[in-house]
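The numbering of the sequence shown is our numbering, which starts it at 14 and goes up by one.
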Amino acid sequence: MEIRQIIDSSEKQNIMRRILETLPDWFGIPEAREEYIAKSGNQIFFCAFDCNSPVGFLYLKETGSATVELYVMGVLKEFHRKGIGRELFSQAKKFAMEQGYSFIQVKTVQMGKYEEYDRTNKFYLSLGFKEFEVFPTLWDESNPCQIYIMSLI
């Protein structure tokens with residue numbers, strides 16, 4: 014397994030499309046998926062490769078002068094629970110620290126709403142994120158937004 018930072022916009026978008034379209038449990042709303050893909054071109058982007066084939070990615074979005082957001086992350090289902098997401102995050106966190114950011118945040122659906130997202134919440138907590146705030150209607154009432162945050166200093 015190799016983690017690389019990707020710079021080329023079209024390569025980022027191709028990787029995202031290839032992976033997100035295989036993850037309908039998390040990225041099943043076509044409009045949202047396309048928005049993630051479209052916005053990825055200008056973001057800080059890391060990709061996990063297995064035998065030169067993309068199997069996972071993560072991208073960071075600057076949300077303030079001191080904060081980046083783990084904006085989107087996806088790993089092919091057959092590669093779940095193999096440490097790929099953890100390694101992607103480790104590389105992204107290291108990069109964010111080197112760039113002088115003080116905090117990293119991530120948003121997901123609040124724990125207790127959907128089994129798929131409960132696993133996602135547990136993953137973020139296992140990385141060291143702490144609960145920050147819940148916005149019950151940021152996305153919609155069926156998907157309360159949980160924000161987690163982590164200090165990088």
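Positions of the beta carbon are idealized from the N, C-alpha and C atoms, including for glycine.
Note that the coordinates shown come from a computational prediction; the quantities given were computed from them, not determined experimentally.
*Lys106: first and last residue of the uninterrupted beta strand (DSSP E) it sits in*: Residue 106 sits at position 93 when you count from the first residue of the sequence shown. Counting along the chain, Lys106 sits inside no beta strand (DSSP E); it lies in the alpha helix (DSSP H) bounded by residues 97-111.
*Check whether the Cβ atoms of Ile162 and Phe145 lie closer than 7 Å to each other.*
As a working note, residue 162 is residue 149 in the sequence shown. As a working note, residue 145 is residue 132 in the sequence shown. Yes, the pair counts as a contact, with Cβ atoms nearer than the cut-off.
*Assign Gln112 to buried or exposed, taking buried as 16 or more other Cβ atoms, counted over all protein chains shown, within 10 Å of its Cβ.*
As a working note, residue 112 is residue 99 in the sequence shown. Exposed is the call here.
_In the DSSP output, what is Lys74 paired with across the bridge?_
Taking the first residue of the sequence shown as position 1, residue 74 is located at position 61. DSSP lists Glu82 as the beta-bridge partner residues of Lys74.
*Would you mind reading off the limits of the beta strand (DSSP E) that contains Lys120?*
Along the sequence shown, one-based indexing puts residue 120 at 107. Where Lys120 is concerned, the enclosing beta strand (DSSP E) stretches over 116-122.
*Any heavy atom of the ligand SAH closer than 6 Å to the Cβ of Glu75?*
This structure does not include the ligand SAH; it has no bound ligands of any sort.
_With three or more beta-carbon pairs closer than 8 Å as the criterion, would you say the segment 70-78 touches the segment 50-60?_
Touching, per the Cβ criterion.
*asked:* In whole angstroms, give me the CA-to-CA distance for Tyr130 and His93.
replied: The count along the sequence shown starts at 1 and reaches residue 130 at position 117. The count along the sequence shown starts at 1 and reaches residue 93 at position 80. Taking the Cα positions, Tyr130 is about 14 Å away from His93.
*Can you tell me whether Thr133 is buried or exposed, with buried defined as 16 or more other CB within 10 angstroms of its CB?*
In the sequence shown, counting from the first residue as 1, residue 133 sits at position 120. It counts as buried.
*When you compare only the Cα positions, how much space is there between Phe142 and Thr76?*
Here residue 142 refers to the residue found at position 129 when the sequence shown is read from its first residue. Here residue 76 refers to the residue found at position 63 when the sequence shown is read from its first residue. The alpha-carbon atoms of Phe142 and Thr76 are separated by roughly 17 Å.
*Is the CB of Ala109 under 7 Å away from at least one CB in chain C?*
The structure shown has no chain C; it contains just one protein chain.
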